[in-house]
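Worksheet for the structure shown next.
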Amino acid sequence: MDANTAADARAREIEQRMTDDERFSLLVSAMGQIPGFAPDRDPRIPEGTPMSAGYTPGVARLGIPALRMSDASMGVTNPGYVNREGDTATAFPASILLGASFNPKLARAGGRALALEARSRGFNVQLAGGINLARDPRNGRNFEYFSEDPYLSAVMCSEQINGIQGEGVISTIKHYTLNCNEVNRHWLDAVIDPAAHRESDLLAFEIAIERSQPGSVMSGYNKINGAYASGNHHLLNGVLKETWGYQGWVMSDWGATAEWEYALHGLDQESGLQLDRTMRGASPFVEPLREAYEMGKLPKERLSDMVRRILRSIFAVGIDAWDPSSTLDINAAAHHAIALEQARQGIVLLRNDGTLPLKGIKRLAVIGGHAATGVPSGTGSATVVPQGGYAAVIDIGGAGPMGQARKLFLLPSSPLAELRRLMPGTAIEFDPGINPAEAALLAKRCDAAVVFGIRVEGEGFDFPDLSLPWGQDAVIEAVADVNAATIVVLETGNPVAIPWLDRVRAVLQAWYPGQAGGQAIAEVLAGQVNPSGRLPVTFPTGLAQTPRPDLPGLGTPWGTPTTIHYNEGAEIGYRWFAKTGERPLFPFGHGLGYTSFDYSDLTTITDGDTITAIFTVINTGERAGADVPQLYLTEAVGDKRLRLLGFQRLELAPGESGTVKLIVDPRLFSRYQGKAWRIESGIHRMVLGRSSGDPVLTAEVILPERTFGR
Ligand code: BGC
62 MDANTAADAR AREIEQRMTD DERFSLLVSA MGQIPGFAPD RDPRIPEGTP MSAGYTPGVA
122 RLGIPALRMS DASMGVTNPG YVNREGDTAT AFPASILLGA SFNPKLARAG GRALALEARS
182 RGFNVQLAGG INLARDPRNG RNFEYFSEDP YLSAVMCSEQ INGIQGEGVI STIKHYTLNC
242 NEVNRHWLDA VIDPAAHRES DLLAFEIAIE RSQPGSVMSG YNKINGAYAS GNHHLLNGVL
302 KETWGYQGWV MSDWGATAEW EYALHGLDQE SGLQLDRTMR GASPFVEPLR EAYEMGKLPK
362 ERLSDMVRRI LRSIFAVGID AWDPSSTLDI NAAAHHAIAL EQARQGIVLL RNDGTLPLKG
422 IKRLAVIGGH AATGVPSGTG SATVVPQGGY AAVIDIGGAG PMGQARKLFL LPSSPLAELR
482 RLMPGTAIEF DPGINPAEAA LLAKRCDAAV VFGIRVEGEG FDFPDLSLPW GQDAVIEAVA
542 DVNAATIVVL ETGNPVAIPW LDRVRAVLQA WYPGQAGGQA IAEVLAGQVN PSGRLPVTFP
602 TGLAQTPRPD LPGLGTPWGT PTTIHYNEGA EIGYRWFAKT GERPLFPFGH GLGYTSFDYS
662 DLTTITDGDT ITAIFTVINT GERAGADVPQ LYLTEAVGDK RLRLLGFQRL ELAPGESGTV
722 KLIVDPRLFS RYQGKAWRIE SGIHRMVLGR SSGDPVLTAE VILPERTFGR
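At position 274 of the sequence shown (counting the first as 1) the number is 335 in the working numbering, and the numbers step up by one without a gap.
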C-alpha cells in the first residue's frame with residue numbers, strides 16, 4: 062500500500078469509530094487570543110497553548126492530533142498572540158521575490174525551513190502557498206503571491222509546499238480563487254469567463270496541487286461569478302474535487318463562512334469562527350450545521366466525507382507522527398542564510414548603464430527609504446516578526462479590519478550598514494530623504510547616490526495608483542538633477558511607475574527582501590553578487606496600459622458591494638501586452654546582470670503528446686553568473702498568443718556552457734474548450750528568449766489534433 066492509499070484506509074477506519082460530537086468538532090477552527098480580533102480565549106483551546114491563526118481540537122482516544130494552524134508563506138507569523146510574547150521567526154523575502162528567482166530549489170529550501178520553524182512551536186498546519194495570479198499591479202497582496210504566470214506560480218508554489226509537507230507539516234494553498242484584488246474583498250464579485258479561468262488562475266492551482274498534494278485548500282473571501290468562493294459549488298465540488306480529484310480538505314478564509322449550506326457546496330471546515338460570530342452573530346458550522354444534520358438536510362455521508370478529508374491529510378502528511386510538545390532545535394543561522402540566498406537571487410536589476418557594480422567611488426550618498434534602519438516588509442496576516450525583532454515599526458492605519466495591522470515594518474538589515482561593511486574605502490553618508498532639497502545637498506558633493514524608494518502594501522488594501530508615496534519621486538528627481546550617477550533601489554511588493562527612468566543610471570527592484578535583504582542589496586550594488594532575478598510581473602508604463610485603468614470599488618467605503626470584470630480572461634500581464642501590442646516599461650522575465658549569455662542550437666521535437674525543447678546556453682561574459690532562459694509559445698495554428706512554456710535557471714562560469722532540456726506541460730499550449738483541453742492540429746511557433754520581450758531564437762513544431770484531460 063502506498064502512503065496515500067494507507068492514509069485513505071486509515072481515515073475511513075478512524076472516521077467510522079468517531080462520535081458525531083467528535084466529527085463536528087473537527088469542522089471548525091478557532092483563532093488564538095489576539096487583541097483586536099479575538100480578545101477572549103475560545104474554550105476549545107486549552108489554557109496556556111501557544112496560539113496562532115487557528116486551533117481545532119484533536120481526538121486523543123483515536124490518535125488524532127489537534128490542528129494548530131499558523132500563517133503564512135514567508136515565515137511563522139506572530140502578530141501579537143497572547144502566550145507568544147517575544148516569539149520571533151525567520152522573515153523570508155516576499156513570495157514575489159521568490160518568484161523572481163525562478164529557482165524552485167530555493168522555494169523548497171525555504172518551505173523546509175519554514176516547516177521546521179512551525180514544528181518547533183507545535184504548529185502542524187502552515188497557511189502557506191499563496192498562488193493568486195498578479196492580475197492587477199494595485200493588488201495589496203501581490204507580494205504574498207509568486208507571479209502573473211500560472212506555470213511559474215505553480216512550479217514555485219508546489220516546491221514550497223513540498224518543502225513544507227516533507228517536514229510533516231500540512232500546507233494550505235490559497236486563496237481559491239480569483240482573490241486578485243483586496244478592495245471590498247468580502248463583498249467583491251470577481252467575474253470571469255469560465256474557460257479563461259481554467260487557463261489562468263485555476264491552471265495555477267491545478268498544476269500546483271498535482272505536483273504537491275497540499276493537505277488543504279483555503280477558499281477566498283470574494284465571490285466568483287456571483288457565488289462566494291467558500292460556498293461555490295462549481296469551483297469546490299465541481300472543479301476541485303470532482304474534476305481534479307482533490308482528496309484533501311477545503312477550509313474557508315477567516316470569517317468567510319456565511320451559511321451552513323456551504324458544507325453542501327464543498328466547504329469542509331470553517332475557519333476563524335470568532336470572526337463569523339462577530340460579523341454574523343453565529344458560527345454557521347457550529348449550531349446551524351448540527352441542526353441541519355439532525356433534520357436530515359446535511360447527509361451523513363457528506364459529514365463523513367468532510368471528516369475523512371481532514372483525517373486523510375493528517376495521515377498522508379504525517380502530522381500525527383510527531384509530538385507537538387517535543388522540542389526541535391532550529392538552526393537560526395542556517396535559515397537566515399536561506400533568506401539571504403533567496404534575496405540574492407530574487408533582486409532584479411531593471412536598468413544599468415554600467416554604473417553598477419559600484420567601483421572607485423570615494424564618496425557615496427545613501428538616501429531615503431529608512432535605509433539606515435532596515436528594509437520594509439508587506440503587511441497583514443503574512444507579516445513575520447524577524448529573528449531578533451523589528452528594527453522599527455511605524456503605524457499607518459486605514460479603513461476596515463486590516464487597518465490596525467497596516468504598519469511600516471522595518472526588518473533589521475540596514476542597507477546603509479551593509480554598504481559600509483562591504484565598501485570600507487568609500488565614505489558613505491546618509492540622508493533620510495524627507496526633503497528633496499536637503500537630499501540634493503548631500504548628493505551634490507558625492508560621486509554617486511543610491512536612493513531608496515519604498516511603499517507599504519498589504520492585506521485589505523489596494524493601492525490607487527503606481528506611484529511612490531511620501532514625495533519620493535521628487536526626492537529621486539532632485540538627486541538626479543545634481544548627481545549624474547544616481548541609482549535607485551525600489552523596495553515594493555508590486556511594479557511602480559518610474560517617471561525618472563531616463564534620468565538615473567541604474568534601477569534595482571528589491572521587492573520586500575526579508576531579514577537579510579539589506580545585505581543582499583548591498584552585495585548586488587557593490588558587485589559581490591551578480592544580479593540574476595527576472596521579473597515575475599510586467600512593469601507597465603502606467604495603468605492606462607493595463608486591462609482596468611479604473612479599478613471598481615476604489616474610494617468607496619469599506620463594505621460596498623463591488624464587481625470586477627476580469628475581462629482580460631487568461632491574457633494576464635505579459636499575455637495582455639502581447640495581445641494589445643503595447644510596449645511595457647519592463648517586460649515579464651526581464652532582468653540584467655553583470656555578465657552576458659548567448660543561446661544556440663535550439664531544437665524542438667514532439668512525440669504528439671508534448672513538446673520538448675533542447676538548447677545550449679553559454680556565459681559569454683567575464684564573471685560567473687546565473688541566467689534564466691525562457692521558452693514561450695507565440696502562435697498556435699495562426700492564433701497569436703504568448704504563453705510561458707518553460708524556463709531553467711542555470712549558473713555558469715565565464716566561457717562555460719550548459720545544455721537545457723525543457724519538457725512542456727501540454728496544457729500550456731492548449732485551449733480549454735467545452736469540457737477538455739484541446740490542441741489544434743498544425744504549426745505551433747515558439748521563441749527562446751531572455752524575457753517575454755527579448756526573443757533570441759525561434760522554433761516551430763507541427764502538432765496533431767488532440768483532446769485530453771477534463
Ligand atoms: C487571510 C489569510 C490568512 C488568515 C489567517 C486572513 O485574513 O486572508 O491569508 O491565512 O487570515 O490569519
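For each residue, glycine too, the CB sits at the ideal point set by N, CA and C.
In the DSSP assignment, what residue or residues form a beta bridge with residue i?
{"i": "R412", "result": "V568"}
{"i": "N680", "result": "F658"}
{"i": "E696", "result": "K701, R746"}
{"i": "I763", "result": "I744"}
{"i": "Q589", "result": "Looking at the DSSP assignment, Q589 forms no beta bridge with any residue, so it has no partner."}
{"i": "K468", "result": "D456"}
{"i": "K722", "result": "I675"}
{"i": "K420", "result": "None; K420 has no bridge partner."}
{"i": "H626", "result": "V252"}
{"i": "H148", "result": "One point to set straight first is that residue 148 is Asp, not His, in the sequence displayed. DSSP lists no partner for D148."}
{"i": "R841", "result": "No answer is possible for residue 841: the residues shown for the chain start at 62 and end at 771."}
{"i": "M312", "result": "M279, Q330"}
{"i": "L711", "result": "D688"}
How many angstroms separate the CA atom of residue i from the CA atom of residue j?
{"i": "G519", "j": "W531", "result": "17 Å"}
{"i": "E108", "j": "D148", "result": "18 Å"}
{"i": "L264", "j": "L764", "result": "22 Å"}
{"i": "T602", "j": "L646", "result": "5 Å"}
{"i": "D523", "j": "D103", "result": "32 Å"}
{"i": "P255", "j": "F638", "result": "22 Å"}
{"i": "I225", "j": "I192", "result": "15 Å"}
{"i": "P560", "j": "P211", "result": "30 Å"}
{"i": "D197", "j": "V550", "result": "22 Å"}
{"i": "A127", "j": "V120", "result": "7 Å"}
{"i": "S344", "j": "S291", "result": "14 Å"}
{"i": "P618", "j": "Y289", "result": "20 Å"}
{"i": "K722", "j": "V536", "result": "47 Å"}
{"i": "P165", "j": "V216", "result": "7 Å"}
{"i": "H295", "j": "S365", "result": "21 Å"}
{"i": "N144", "j": "I95", "result": "10 Å"}
{"i": "G654", "j": "G770", "result": "40 Å"}
{"i": "T138", "j": "A269", "result": "23 Å"}
{"i": "T759", "j": "F676", "result": "11 Å"}
{"i": "T607", "j": "A382", "result": "49 Å"}
{"i": "M484", "j": "G449", "result": "25 Å"}
{"i": "V252", "j": "R482", "result": "51 Å"}
Is residue i near residue j, with beta carbons less than 7 Å apart?
{"i": "N283", "j": "T621", "result": "no"}
{"i": "Q576", "j": "A133", "result": "no"}
{"i": "Q308", "j": "R373", "result": "yes"}
{"i": "F207", "j": "S214", "result": "yes"}
{"i": "D314", "j": "R370", "result": "no"}
{"i": "A546", "j": "A509", "result": "yes"}
{"i": "G190", "j": "I231", "result": "no"}
{"i": "P118", "j": "P574", "result": "no"}
{"i": "S86", "j": "A114", "result": "no"}
{"i": "P473", "j": "A452", "result": "yes"}
{"i": "T656", "j": "D250", "result": "no"}
{"i": "L336", "j": "G316", "result": "yes"}
{"i": "A50", "j": "V540", "result": "There is simply no residue 50 to check, as the chain begins at 62 and stops at 771 in what is shown."}
{"i": "W310", "j": "E267", "result": "no"}
{"i": "V748", "j": "T671", "result": "no"}
Item to complete: Count the C-beta pairs between the region 735-744 and the region 692-706 that are closer than 8 Å, then say yes if the count reaches three, no if not.
Response: yes
Worksheet item: How about the region 268-276 and the region 370-380: do they share at least three Cβ pairs that are nearer than 8 Å?
Response: yes
Worksheet item: For the region 434-441 against the region 491-507, are there 3 or more C-beta pairs whose distance is under 8 Å?
Response: no
Worksheet item: Taking three-plus beta-carbon pairs below 8 Å as touching, is the region 475-493 in contact with the region 398-417?
Response: no
Practice prompt. Would you check if the region 442-456 and the region 416-428 touch, i.e. whether three or more CB-CB distances between them fall below 8 Å?
Written response: no
Practice prompt. Specify whether the region 720-738 and the region 754-770 touch according to this definition: at least 3 beta carbon pairs, one from each stretch, less than 8 Å apart.
Written response: yes
Worksheet item: Touching or not, the region 180-198 and the region 672-683, by the rule of three or more beta carbon pairs under 8 Å?
Response: no
Discussion item. Would you call the region 609-619 in contact with the region 172-183, where contact means no fewer than 3 C-beta pairs closer than 8 Å?
Written reply: no
Item to complete: Determine, using beta-carbon pairs with one atom in the region 156-164 and one in the region 472-491, whether at least three such pairs fall under 8 Å.
Response: no
Practice prompt. Determine, using beta-carbon pairs with one atom in the region 587-601 and one in the region 549-559, whether at least three such pairs fall under 8 Å.
Written response: yes
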